[in-house]
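Undergrad:
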Amino acid sequence: MHNRNNILVIEDQKSLATDVVKYLGDNNYKCTHVASIKNAKYSLKNDNYNTVLLDLGLPDGDGLGLIKLIKEKDPSCGVIIISAKDALDKKVEGLELGADDYLTKPFFLPELNARIKSLIRRLNFEGNNEINAGVLKVIPEQMRVYVDKADIELTNTEFNLLLYFVSNKNRVLSKTNLAEYMSSKYFDYGFSNDVIYGHIKNLKRKLEKAGSPEYIKNVYGVGYKFISE
Amino acid sequence: MKLTTKTGLSFISLSAIFFLFGSVFMYFSVRVILADDLSARLFQMQKDFIENTKSANDINTLSNKNIFIQESQNNNESSLSDTVLIEKGNYVLYRKINFFHIYKNQNYRIEILQSQAQTDLLVWRIVILNVALAMSFFLIIFFLNQISVRRGLRIFYKTVSKLENYNISKPELISFENSEIDELNKLTEIFKKMSSKISADFNEQKEYTENVSHEIQTPLAIITAKADELLQSENLNKNEMEQLETIMNTTSRLARINQALILLTKIDNKFYAEKTSCTVLKILNEKIEFYTQLIKDKGIEVEIDVDDKFEISMNSYLADTLFLNLIKNAIMHNISNGKIEIHFDGQSLHIRNSGPELDIKGNIFKRFVRSSNKDSLGIGLSIVKRICDLYLINITYNYIDQHNFILNFKK
Numbered sequence: 022m023h024n025r026n027n028i029l030v031i032e033d034q035k036s037l038a039t040d041v042v043k044y045l046g047d048n049n050y051k052c053t054h055v056a057s058i059k060n061a062k063y064s065l066k067n068d069n070y071n072t073v074l075l076d077l078g079l080p081d082g083d084g085l086g087l088i089k090l091i092k093e094k095d096p097s098c099g100v101i102i103i104s105a106k107d108a109l110d111k112k113v114e115g116l117e118l119g120a121d122d123y124l125t126k127p128f129f130l131p132e133l134n135a136r137i138k139s140l141i142r143r144l145n146f147e148g149n150n151e152i153n154a155g156v157l158k159v160i161p162e163q164m165r166v167y168v169d170k171a172d173i174e175l176t177n178t179e180f181n182l183l184l185y186f187v188s189n190k191n192r193v194l195s196k197t198n199l200a201e202y203m204s205s206k207y208f209d210y211g212f213s214n215d216v217i218y219g220h221i222k223n224l225k226r227k228l229e230k231a232g233s234p235e236y237i238k239n240v241y242g243v244g245y246k247f248i249s250e
Numbered sequence: 096m097k098l099t100t101k102t103g104l105s106f107i108s109l110s111a112i113f114f115l116f117g118s119v120f121m122y123f124s125v126r127v128i129l130a131d132d133l134s135a136r137l138f139q140m141q142k143d144f145i146e147n148t149k150s151a152n153d154i155n156t157l158s159n160k161n162i163f164i165q166e167s168q169n170n171n172e173s174s175l176s177d178t179v180l181i182e183k184g185n186y187v188l189y190r191k192i193n194f195f196h197i198y199k200n201q202n203y204r205i206e207i208l209q210s211q212a213q214t215d216l217l218v219w220r221i222v223i224l225n226v227a228l229a230m231s232f233f234l235i236i237f238f239l240n241q242i243s244v245r246r247g248l249r250i251f252y253k254t255v256s257k258l259e260n261y262n263i264s265k266p267e268l269i270s271f272e273n274s275e276i277d278e279l280n281k282l283t284e285i286f287k288k289m290s291s292k293i294s295a296d297f298n299e300q301k302e303y304t305e306n307v308s309h310e311i312q313t314p315l316a317i318i319t320a321k322a323d324e325l326l327q328s329e330n331l332n333k334n335e336m337e338q339l340e341t342i343m344n345t346t347s348r349l350a351r352i353n354q355a356l357i358l359l360t361k362i363d364n365k366f367y368a369e370k371t372s373c374t375v376l377k378i379l380n381e382k383i384e385f386y387t388q389l390i391k392d393k394g395i396e397v398e399i400d401v402d403d404k405f406e407i408s409m410n411s412y413l414a415d416t417l418f419l420n421l422i423k424n425a426i427m428h429n430i431s432n433g434k435i436e437i438h439f440d441g442q443s444l445h446i447r448n449s450g451p452e453l454d455i456k457g458n459i460f461k462r463f464v465r466s467s468n469k470d471s472l473g474i475g476l477s478i479v480k481r482i483c484d485l486y487l488i489n490i491t492y493n494y495i496d497q498h499n500f501i502l503n504f505k506k
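These protein sequences, in sequence, are chains A and B. Quick note on this note's numbering: the first sequence kicks off at 22 and runs consecutively. Quick note on this note's numbering: the second sequence kicks off at 96 and runs consecutively.
#1: Please list, in chain order, the chain B residues whose beta carbon lies closer than 7 Å to that of R192(A).
#2: Roughly how many angstroms lie between the CA atoms of L487(B) and N26(A), to the nearest whole one?
#3: Provide the residue span of the alpha helix (DSSP H) that contains I390(B), from first to last.
#4: Determine, for N344(B), whether the minimum Cβ-Cβ distance to residues of chain A falls below 8 Å.
#5: Of the choices S347(B), A322(B), T148(B) and I490(B), whose alpha-carbon is the least far from that of L339(B)?
#6: Going by DSSP, name the residue or residues bridged to D76(A).
#7: Give the straight-line distance between the Cα atoms of T371(B) and D363(B), rounded to the nearest whole angstrom.
#8: Roughly how far, in whole angstroms, is the beta-carbon of T197(A) from the beta-carbon of N344(B), given that I think they are within contact range, below 8 Å?
#9: Identify, in the order they occur along the chain, each residue of the same chain with its Cβ nearer than 7 Å to the Cβ of R142(A), setting aside the five sequence neighbours on each side.
#10: Only counting the same chain, and skipping five residues up and downstream in sequence, which positions put a Cβ closer than 8 Å to that of N147(B)?
#11: Show which residues of chain A have a CB atom less than 7 Å away from the CB atom of Q300(B).
#12: Secondary structure at R351(B), three-state DSSP: helix, strand or coil?
#13: Between D40(A) and the rest of its own chain, which residues show a CB-CB distance below 8 Å, the 5 nearest in sequence each way excluded?
#14: At a CB-CB cut-off below 9 Å, which residues of chain A make contact with S449(B)?
#15: Per the DSSP calculation, Y198(B) is bridged to which residue(s)?
#16: Under 9 Å between beta-carbons, which chain B residues line up against G86(A)? List them in chain order, please.
#17: Any beta carbon of chain A sitting closer than 8 Å to that of K287(B)?
#18: Would C416(B) be called buried (16 or more neighbouring beta carbons within 10 Å of its own) or exposed?
#19: Give the residues from the stretch 23–39 of chain A that approach chain B closer than 7 Å (Cβ to any Cβ), ordered along the chain.
#20: Identify, in the order they occur along the chain, each residue of the same chain with its Cβ nearer than 7 Å to the Cβ of N223(A), setting aside the five sequence neighbours on each side.
#21: Can you pull the chain B neighbours of E201(A), defined as C-beta to C-beta under 7 Å?
#22: Please confirm if F500(B) has its CB atom under 8 Å from at least one CB of chain A.
#23: Give me the Cα-Cα distance between V307(B) and I102(A), rounded to the nearest whole angstrom.
#24: For a contact defined as C-beta to C-beta under 8 Å, what are the partners of Y210(A) on chain B?
#25: Applying the 10 Å Cβ sphere with the 16-neighbour rule, what's the burial state of L234(B)?
#26: Would you list the residues sitting across from H438(B) in a DSSP beta bridge?
#27: Can you confirm whether Y245(A), when its beta carbon is compared against all beta carbons of chain B, has any partner nearer than 8 Å?
#28: Consider the Cβ of Y167(A): report whether some Cβ of chain B lies at a distance smaller than 8 Å.
#29: What number of angstroms, rounded off, separates the C-alpha of A350(B) from the C-alpha of I250(B)?
#30: Can you tell me whether G99(A) is buried or exposed? The criterion is at least 16 other CB atoms within 10 Å of its CB, across all chains shown.
#31: Tell me whether E250(A) is buried or exposed, calling it buried when 16 or more other Cβ atoms sit within 10 Å of its Cβ.
#32: Counting only beta-carbon separations shorter than 8 Å, does A320(B) have a partner in chain A?
#33: Return yes when the Cβ of V166(A) is within less than 8 Å of the Cβ of L144(A), no when it is not.
#34: According to DSSP, simplified to helix, strand and coil, what is R165(A)?
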């Protein structure tokens with residue numbers, strides 16, 4: 022079994038790649054960055070990765086061809102396409118070729134983190150896996166949340182927001198970030214910051230009513246931070 | 096007017112003008128020739144007359160209806176002239192020679208007349224015959240020419256009809272035939288070059304819009320990542336954080352506007368020309384499915400009454416985009432525990448939602464027209480409108496207790 026947190030970042034934009042690598046490194050992932058298909062092939066041959074972040078527009082070609090290669094080598098390796106090309110056919114083609122997720126630029130790093138986590142969960146642990154955060158126990162597959170074993174009734178939007186928070190602990194998540202994440206989660210729905218504010222207010226109310234400490238902290242009205250320690 | 100008719104007609108009219116002048120010229124020249132001939136005959140008759148006088152006893156016996164003999168004192172040079180006599184009430188043109196002859200020491204003035212009526216008639220006959228011959232000759236040439244030109248241009252007409260059916264997104268469907276005529280081959284060659292240039296340009300433009308998307312979205316991703324990273328720094332005050340949030344919010348708006356504009360450009364560039372038959376009910380159910388969780392959260396009741404046989408011929412991606420936007424809109428602007436009704440009456444599709452009236456000034460389908468809700472881009476409905484325009488679907492909006500979008504599919 023290879024290292025669960027070994028990630029290959031294939032992205033030719035150096036500045037973006039640096040941010041991604043730094044961010045993922047801070048989140049306890051081991052990252053390797055390559056900027057071309059040639060180097061990617063080399064890295065894939067010589068090392069084992071459990072997640073590949075793949076940019077499609079690379080200087081030496083279209084990254085789509087790499088998907089097959091990755092999946093042939095290790096079917097449990099997750100592939101997330103990161104592309105600015107919103108072209109639907111590319112998206113469909115990528116997913117058909119075996120990619121597991123598709124993230125359109127621009128994206129927020131916490132969203133990338135949430136997707137990687139969700140993918141690792143999906144590919145490596147079938148079924149029962151849970152995320153513990155303080156007194157909270159979140160079971161993504163069942164969409165259930167427990168506060169000290171007491172089941173809490175959350176709406177779908179509230180649950181997804183909570184899942185995003187527990188995946189990105191101790192980080193300021195701006196309202197725009199949350200709105201973008203939720204919009205991409207629901208087919209480009211276009212959540213406004215006000216709507217997000219409403220959902221979070223309800224989420225906090227429900228959690229605190231069930232006896233949870235105030236984990237979701239408001240940061241100057243700009244965003245929120247989940248602190249469970 | 097067809098090219099062959101046009102050239103044929105100008106050929107005919109030019110030759111008609113030419114022959115009009117030609118006939119006039121011929122008339123006069125034939126007349127001059129015949130007049131010369133007549134004069135020569137008159138001189139010959141004068142010679143014959145003088146010869147005859149040598150053997151004649153009396154000069155007057157030589158006189159007849161064309162020869163007048165008169166005693167004269169003068170003895171001038173002979174002269175030719177025209178004269179008109181009245182015969183049976185008709186004017187008849189005569190040519191006459193006037194000469195003087197000494198016969199038995201007596202000076203005579205002799206006039207020999209020759210009618211020009213015969214030559215006149217001859218001239219007319221020649222002219223008429225000539226014109227008739229020429230005309231029939233030209234008509235035959237004209238029709239033969241028409242036929243041969245049409246045969247020769249058959250390839251040209253084929254090429255034209257092919258160009259008429261030219262579809263920019265499928266340039267490979269066009270193939271040109273070769274002709275035995277150099278000019279047509281040249282034209283075909285140019286068409287071929289043009290069509291490959293057009294399709295190359297088209298592909299380049301397609302690529303360009305995709306690249307623009309790519310080139311703009313990547314810097315936006317960098318801005319977002321940097322601002323988000325900055326937001327994580329300790330010791331930021333409220334004002335600084337708010338400014339960072341504004342940067343992120345504006346960047347994400349910019350990204351969405353860019354995506355929407357690229358979509359509109361692609362629609363304009365006939366990027367989505369390919370059509371398939373789309374079952375409306377299936378698409379609607381699929382889009383409702385996308386948003387099930389949101390619909391459930393908001394407690395919205397959805398009622399769909401659409402015939403499952405109702406199909407439209409559209410590009411599948413555009414059909415998805417159209418209904419996705421309309422349904423998204425109906426959920427977004429709806430109230431909690433509201434209702435969405437989708438109903439098809441055989442001609443129009445009605446999409447109603449029970450949201451409150453919005454203060455929208457101007458045409459709701461116009462780009463960047465939006466409600467006072469500043470988070471909305473005001474571009475979703477303009478995409479809807481553009482797609483409807485593309486397929487000649489008449490879309491209208493009204494508000495009578497609820498929002499009502501009506502898509503009329505009757506063409």
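Backbone N, C-alpha and C define an ideal beta-carbon position, used for all residues, glycine too.
TA: Taking the definition as stated:
#1: The residue you call residue 192(A) lines up with position 171 of the first sequence. The answer, in chain order, is Q327.
#2: The residue given as residue 487(B) occupies position 392 in the second sequence. The residue given as residue 26(A) occupies position 5 in the first sequence. C-alpha separation (whole angstroms): 53 Å.
#3: Working through the second sequence from its first residue, we reach residue 390(B) at position 295. Where I390(B) is concerned, the enclosing alpha helix (DSSP H) stretches over T387 to K393.
#4: The residue labelled residue 344(B) in the question sits at position 249 within the second sequence. Yes, N344(B) counts as interfacial toward chain A.
#5: Within the second sequence, the letter at position 244 stands for residue 339(B). The candidate whose alpha carbon is nearest that of L339(B) is A322(B).
#6: Translated into the one-based positions of the first sequence, residue 76(A) becomes position 55. Answer is I103(A), bridged to D76(A).
#7: Counting from 1 along the second sequence, the entry for residue 371(B) is found at position 276. Counting from 1 along the second sequence, the entry for residue 363(B) is found at position 268. One C-alpha to the other measures close to 19 Å.
#8: Taking the first sequence and counting its residues from 1, one reaches residue 197(A) at position 176. Taking the second sequence and counting its residues from 1, one reaches residue 344(B) at position 249. Their Cβ separation, rounded to whole angstroms, is 4 Å, which keeps T197(A) and N344(B) in contact under 8 Å.
#9: Against the first sequence, residue 142(A) aligns to sequence position 121. Only N150 and P161 meet the Cβ criterion.
#10: Taking the second sequence and counting its residues from 1, one reaches residue 147(B) at position 52. Closer than 8 Å at the Cβ level, and outside the excluded window around N147(B), lie L157.
#11: Numbered from 1 along the second sequence, position 205 holds the residue referred to as residue 300(B). Correct list: empty, because the minimum Cβ distance to chain A is about 14 Å.
#12: Here residue 351(B) is taken as the residue at index 256 of the second sequence, counted from 1. If DSSP states are grouped into helix, strand and coil, R351(B) belongs with the helices.
#13: As a first step, residue 40(A) is located in the first sequence; it is residue number 19 there, counting from the start. Taken in chain order, the residues that qualify are L130.
#14: Sequence index remark: in the second sequence, residue 449(B) carries index 354 (1-based). Those within 9 Å of S449(B) in chain A number zero; the least Cβ separation is about 18 Å.
#15: For the purposes of this step, residue 198(B) is identified with residue 103 of the second sequence, where counting begins at 1. Y198(B) pairs with Q201(B).
#16: Stepping through the first sequence from its first residue, residue 86(A) is reached at position 65. Within chain B, no residue comes near G86(A); the closest Cβ sits about 18 Å away, beyond 9 Å.
#17: As a working mapping, residue 287(B) is identified with position 192 in the second sequence. Chain A contact via Cβ: absent.
#18: For the purposes of this step, residue 416(B) is taken as the residue at position 321 of the second sequence. Here residue 416(B) is Thr; the residue named in the question, Cys, does not match the sequence. T416(B) comes out buried.
#19: Q34, S36 and L37
#20: Here the question's residue 223(A) lines up with position 202 in the first sequence. Result list for N223(A): E179, in chain order.
#21: Taking the first residue of the first sequence as position 1, residue 201(A) is located at position 180. Per Cβ cutoff of 7 Å: S347.
#22: Taking the second sequence and counting its residues from 1, one reaches residue 500(B) at position 405. Answer no: the Cβ-Cβ gap between F500(B) and chain A never drops below 8 Å.
#23: As a first step, residue 307(B) is located in the second sequence; it is residue number 212 there, counting from the start. As a first step, residue 102(A) is located in the first sequence; it is residue number 81 there, counting from the start. For V307(B) and I102(A), the distance between alpha carbons rounds to 19 Å.
#24: Indexing the first sequence from 1 puts residue 210(A) at position 189. In chain order: Y386, L389, K423, I426 and M427.
#25: Along the second sequence, read from residue 1 onward, the residue named residue 234(B) stands at position 139. L234(B) comes out exposed.
#26: Start at 1 with the first residue of the second sequence, and residue 438(B) comes out as number 343. Paired residue(s): D400(B) and H445(B).
#27: Here the question's residue 245(A) lines up with position 224 in the first sequence. Not an interface residue.
#28: Along the first sequence, one-based indexing puts residue 167(A) at 146. It does not; no Cβ of chain B falls within 8 Å.
#29: On the second sequence, residue 350(B) is found 255 positions in, with the first residue counted as 1. On the second sequence, residue 250(B) is found 155 positions in, with the first residue counted as 1. Taking the straight line from one Cα to the other gives about 51 Å.
#30: The residue you call residue 99(A) lines up with position 78 of the first sequence. Looking at its Cβ environment, which holds 16 or more other Cβ atoms inside 10 Å, G99(A) is buried.
#31: To locate residue 250(A), count along the first sequence from 1; it is residue 229. The residue is exposed, with fewer than 16 neighbouring Cβ atoms inside 10 Å.
#32: Here residue 320(B) corresponds to residue number 225 of the second sequence, with the count starting at 1. By this cut-off, A320(B) is an interface position.
#33: Numbered from 1 along the first sequence, position 123 holds the residue referred to as residue 144(A). Numbered from 1 along the first sequence, position 145 holds the residue referred to as residue 166(A). No; because the gap between Cβ atoms is not below 8 Å, this pair is not in contact.
#34: Position 144 of the first sequence, counted from the first residue, corresponds to residue 165(A). In this structure, R165(A) counts as strand in the three-state DSSP scheme.
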